[in-house]
Structures are given as C-alpha cells and as structure tokens.
Amino acid sequence: MPDVRPKTEASLRVLIVDQNVMRASILEEGLREAGYHNVTVLREMHNLMRRIVDIDPDVIVIDLENPNRDVLEQMFQVSRVVRRPIAMFVDRSDTDMIVAAVDAGVGSYVVDGLKKERVKAVLDMAISRFHAFNKLREELDSARQALDERKIVERAKGILMKQRGMSEEAAYALLRKAAMNENRRISEVAQSVVTASSLFK
Amino acid sequence: MSDVTTVVGFIPLMDCAPLAVAVEKGFAAGEGLDLRLVRETSWANIRDRVVVGHFDAAHMLGPMAIASTLGIGHLKVPMAAPLSLGLGGNAITVSLRVWDLMMAEGAALSAGPRALGEALRKVVRARERANKPPFTFAMVYPFSAHNYELRYWLAASGIDPDRDVRLVVIPPPLLVDAMREGQIDGFCVGEPWNSVAVSVGVGCIALPTTAIWKQSPEKVLGCRLEWTQRYPDRVQALVRSLYKAALWCEQPENHSELARLLAEPRFVGAPAEILLRGLSNRLCLQRGEEVERLDGFYLPASHAATFPWVSHALWFYSQMVRWGQVAFDPEHVAQVRATYRPDLYRLALDKTTNVPSADTKLDELFDGVRFDSDDLPGYLAALPSCS
C-alpha cells in the first residue's frame, strides 16, 4: 500500500511536465512560493515513462492548456507503475464551471491560476482523490479476478464431468485435492485442466 | 432558441471544418442556434468538459464517445452521437529514414497497403535480427480511429503492434517535431499534420488511411445522452446546421475560402496552402513530388459521410476488444449501438434529404476481411491474432 499520509509542503515531491518554458516556470515559481521545494520540471517528453519512475513524484502538475495531458493518460493506462495523481492548473475565465469537474470526480483538479493559498488544497485533494479512486479500481479488479476464477473453475469442472463421467461434486473435489497436493490455487489447477484439454482437442 | 448559447468544443484539425463553417457562414444562425466554438488542446480535456457540462457537444473521436458510454478508462457517462463529422482525412506518415529503408525493400509511393506493409515488415524483421530497438509509432489517443487503423494495417502486414513496434500517444501539433528529433519513426494522424510533415521535409505520407478502409469513420458530434434528452430542439438544429455546413465544405469552389478560414489561429492555425491539400483531396506524399489526386480522401458530406452508422460504432468496439482495451461482453453491444444515434439524425433531416434507411452496413477493409456488425466474435476470430 502506498503511504497515503499527507506530506508537508516541504517533503512532497512535485513533478511539473511542460515543454513550454514560460508556462513551466510560472508553475514552478507558484509552487515554490507556496512552500513546495521539492519541485522538478520536465521539459523533455522523451523517455517520460522512465523519468517518472526515476523521479517517483507524489503528484504530477500539468497545465490544462498542455496537450501532453493525452500522453500522460495513455501512460497511466499502459502501466500501473507510473500512475500518479495529476493536479491541473488553469488560467481561464470560466473556472467557476471547472469546480464542477472536481465535484464530478473527473480526476482533474483545477484552480483559478496558481493562487498561493489554494495550491496546497489542490495538491492534497488531487492526491487523496487519486488514492480513493485507485482503491476503488483495485477492489473492482479483484472482484473481476474472482469472477474470472470462478468461470475457469466452472469450465474445468465441465471438462472433467464430460471426459471422466464424474458428478459435479466429484469433479470439484478432484480439483481441490490436486490443488492441495500441489500447493496451488484451485483456479490455477483449473486453468491447467482447461489448457491441457484444449491441447488434446 | 437563440437566447441560449450552445457551446461546442473542438480540436484544431482539418475535420473541425463543418463546425467552423456552421458559425462563420451562418448555417447555425439560420437554424436559430447561437453556436459558440471553444478550441481545446487535448482529447482528455474535450472528454472531461463534455462530461461535466462545460460543453454541450464536441468534435469527438468516435471511439471516445463509445469508451465514455462503457466507462472504459474513465468515468462512465453515456454519450450520444447524432452525427458523424465526415469520413477519412487521416494518413500514416513515416520518417524519411524509415521510408528509405522501406524503399530498399521494394516500397514505392502509392504502392498500396499490402506492398507497403510487406516492405515495412521486412524492415522491422531486419531490425530485430540486428538487435536494434523497435520502431516507435505515434497516434493521438488510445480510443481513436487512428490507433485502430494503424494497428489494423500493422497486424494485417504481419507486424504485431504490441510487440514488434512501440506505440505511443503524441498530440497532433507535436508530432512533426517529435519526428524531426528522431523520437518517433512514424505516426497516424488527421490532416493537416501529415502534409505539414511532408512540407517541412521530415516525413513521407506512406498511406492515406482510406487505402486501408475506404470511407472509414472518424469523428462524431459527441454529446452527453442526458443533454440530448433535455434539449431535443437544439440537437436537431445542430444536426441540420452541421449537415448544411458539411455540404458547403465539400464543394470544390469553396475549398480555398475554407482553407483560409481554417488557417486562422482561432481554428487550426496551419498554413492555408497546406490545409487545402487535404480539403481538396490532393496530397503531396513526399516533398518535391507531384501532387496526387486521392478521390475520397476526406469526405465531409457525400457518401452519407454525416450519417452515424451503428456498424461504425460496432467496428470501433470490435477493435477495443481486439487490442485488449476491454473484454468482450454481449451487454456492451447494446450500449455501443445506443451511442450512435441514426434516429436523431433522421429526426432532424428526414424531410429534406436522402437518409439511409438502415442503421448498419457491411464493410470490407483492404485485406478482404468482411465486417458484419451482427457477428463480432466471428469477425474477431477472422482477424490475424497478435500477442
């Protein structure tokens, strides 16, 4: 489990991703003024995935006007290892409407410019929302895995029943016994049965 | 109706043309619509702002609307696509270095997807034998026609898009620089970015994606389902004005004016003469070469280009399943079908035009595999399987 205790401004590792020098320095300055000293700016998009792993930031800050948002999204989809909370900042006149984005849990955390007094709140919220969402996703993943495992056990039982003329209970007992003998999960044994049977087809 | 403003987001690409024209040439006003366009910088922003209601509708990647309805990769918010924003308009561009290697393996400009795929496969295999890192190809978003077209062509050519090459996302305006700096070896994107790469001499257009799939689907007008239910009149007015704007966009006598309009920084912000290439179906494939006529490269209106075929939505879904973005689920099929809305299209246009009476059609891509949207598992089984 990641450490979810709120860190202080001084210890929080913040990564700014922006190729635009001007925009990146405005973000950096704003964060430093708000007391964040552990700030890294990445202006190179090359090898971004590797760099995120190396820097291991607690939160990534990106300007909403930066088209590289799509690059980050895809990376997070591809790899859990680089997935990090994102805080987004924007200087727009329609920011009042953007508050709705936060409420809707869109995953973007936006504030009216980089007002010093709001930076901490936004970064903290980005991180806590991220962990809450991640927890949900993990629960969903494990629920899905449990369902997949049940399905594979059902299929293995079916194969045994058909090929060895067993009852359902006997098929299940056989799978369980094999799993205990080999010190494996029952779903793993079931998977081998299904694989083996497909080879004999 | 015009006392309320309808806000529509768009990404600076050639195929935002009907939206720009609907406002600038008065088609929206003619339908009593006060249409305000907002230029956006990333697809994720487009999606988020439609989801939370900043935008009433948007110039949206077809697969993005479907992913949102199904809740893949993000929040589950049902979308409705009452209109398609044209067909085609994309191409696959490779760096000059890769093109030289492909030519050494027998590739030639306009040789078609089979021959070019064969040449690329040989280059990829030679690299593998030499223990060189795989090529990096870019596309613009995981849920996009660009991603699926590129993957389709690679896989049909015997190149596994997940193992034999590296696929990354890079936003359209940054692609040409990334290619110039050698970060990427090829990309699949909409115009004008292929033509920009050619004109500055960093890339060569290997394939318009219409060579992979003639009259292939692209973007849609994407709205929250709930918005379409709340404002049926505005949906109809929007569909009618974009339909008329799309007809205007396709007229050859309007192409120069349209190119100049889109060239403005508030729309696409690329040179008018470059935009004109895609708009007029005359691409220059490599710097210094003659311009080629590619009929049907970009169709804003004709061939029912604005009709939201349900079979197009189902093809996108089939590719999401094929590439592991989502596991096939029969329950998804109904939700995917319900995302593209030919019924809303007909409601807006039936009296004035020839609207297709079917919601689906059979399609066939360049490799001859037929797509029957009623049999997704059968279709997926017929495609070459990769890792």
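Order-wise, the sequence lines are chains A and B.
Number 152 in numbering that gives the first Met the number 0 belongs to position 153 of the first sequence; there are no gaps in the numbering.
Number 350 in numbering that gives the first Met the number 0 belongs to position 351 of the second sequence; there are no gaps in the numbering.
Glycine included, every Cβ here is placed at the ideal spot set by N, Cα and C.
Leaving out the 5 sequence neighbours to the left and right, which residues in its chain are closer than 7 Å to residue i when beta-carbon positions are compared?
i	result
B:L275	H254, S255 and A258
B:D379	The question names Asp, but residue 379 of chain B in the sequence shown is Leu. So the list reads S317, V320 and R321, once near-sequence residues are dropped.
A:I151	S186, A189, Q190 and V193
B:I45	G8, I10, E39, A57 and M59
B:G185	I91, T92, V93, S94, V97, F134 and F136
A:R68	I61
B:A381	V368
Let me confirm a value: residue i is counted as buried when at least 16 other C-beta atoms fall within 10 Å, else exposed. Which label applies?
i	result
A:V16	buried
B:K389	This structure gives no information on residue 389 of chain B, because the portion of chain B shown stretches from 0 to 386.
A:A145	exposed
A:G106	Since pLDDT at A:G106 reaches only 46, below the 50 mark, its modelled position is unreliable, and the value read off the structure follows with that caveat. Buried: at least 16 other Cβ atoms inside 10 Å.
B:T92	buried
B:E30	buried
A:R175	exposed
B:L36	buried
A:D53	exposed
A:F199	exposed
B:G85	buried
A:A9	exposed
B:N146	buried
B:T305	buried
A:Q73	buried
A:L139	exposed
A:K156	buried
B:M178	buried
B:S310	buried
A:M44	buried
B:T5	buried
A:L63	buried
A:Q162	exposed
B:K24	buried
Between residue i and residue j, how many whole angstroms is the CB-CB distance? I'm expecting something under 8 Å.
i	j	result
B:A347	B:Q235	4 Å
B:P81	B:V238	5 Å
B:D366	B:A155	5 Å
B:A43	B:G111	Rounded, the Cβ-Cβ distance is 35 Å, inconsistent with contact.
B:T208	B:A90	6 Å
B:P387	B:A144	Residue numbering for chain B in the displayed model covers 0 to 386; residue 387 of chain B lies beyond these limits and cannot be assessed.
B:M59	B:E190	Actually they are not in contact, since the Cβ atoms of B:M59 and B:E190 sit about 18 Å apart, beyond 8 Å.
B:L364	B:Y140	The Cβ separation is near 21 Å, so there is no contact.
B:L74	B:V50	6 Å
B:V97	B:M138	Actually they are not in contact, since the Cβ atoms of B:V97 and B:M138 sit about 16 Å apart, beyond 8 Å.
A:Q18	A:R50	Not really, about 13 Å apart at Cβ, beyond 8 Å.
B:V195	B:A269	6 Å
A:V38	A:V20	In fact, because the Cβ distance is near 15 Å, the residues do not count as touching under 8 Å.
A:Q76	B:G72	6 Å
Could you check where the beta strand (DSSP E) with residue i kicks off and where it finishes?
i	result
B:K218	K218 to R223
B:E23	B:E23 -> not in any beta strand (DSSP E); alpha helix (DSSP H) instead, spanning A16 to E23.
B:R165	R165 to V168
B:D47	That residue, B:D47, is in no beta strand (DSSP E); its alpha helix (DSSP H) goes W42 to V50.
B:F136	T135 to M138
B:A56	A56 to L60
B:E30	From DSSP, B:E30 is part of no beta strand (DSSP E); its letter is neither H nor E.
B:R281	R281 to C283
A:L14	V13 to V16
B:V290	V290 to R292
Determine the chain C residues that contact residue i at a beta-carbon separation under 7 Å, and present them in chain order.
i	result
B:I169	No chain C is part of this structure, whose protein chains are labelled A and B.
Once you ignore the five residues that flank residue i on each side, which residues in its own chain have a CB closer than 8 Å to its CB?
i	result
B:A107	A114
B:N280	R292, L293, D294, G295, F296 and Y297
A:M0	Reliability of the predicted coordinates at A:M0 is poor, the pLDDT of 42 falling under 50, and the value obtained from them is presented with this limitation in mind. No residues qualify anywhere along the chain.
B:I158	G116, L119, R120, V123 and V164
For residue i, I'd like the list of residues in its chain whose CB is within less than 6 Å of its CB, leaving aside the five on either flank, ordered along the chain.
i	result
B:R165	P133 and T135
A:M96	Low confidence applies here, because A:M96 scores a pLDDT of 49, under 50, leaving its location unreliable and the question unanswered by this model.
A:G122	According to the sequence as given, residue 122 of chain A is Leu; it is not Gly. If we look at A:L122 and ignore the five residues flanking it on each side, its Cβ neighbours are V58 and A86.
B:W314	F370
B:C222	A56 and A79
Tell me where the alpha helix (DSSP H) around residue i begins and ends.
i	result
B:H145	A144 to A155
A:I185	I185 to F199
B:F9	Careful: B:F9 lies outside any alpha helix (DSSP H), inside the beta strand (DSSP E) at T4 to F9.
B:L418	As displayed, chain B neither begins before 0 nor continues past 386, which places residue 418 of chain B out of reach and without an answer.
Sequence ranges, alpha helix (DSSP H) only - wholly within the stretch 307-341 of chain B, length at least 4: 309-321 and 329-338
Runs of alpha helix (DSSP H) wholly within the stretch 67-120 of chain B (minimum 4 residues, chain order): 95-103
Entirely enclosed alpha helix (DSSP H) segments - the stretch 243-276 of chain B, minimum 4 residues: 254-262
Uninterrupted alpha helix (DSSP H) stretches inside the stretch 177-214 of chain B (no shorter than 4 residues): 192-198
Segments assigned alpha helix (DSSP H), at least 4 residues, entirely inside the stretch 23-68 of chain A: 47-54
Continuous beta strand (DSSP E) assignments of at least 3 residues falling wholly in the stretch 125-174 of chain A: none
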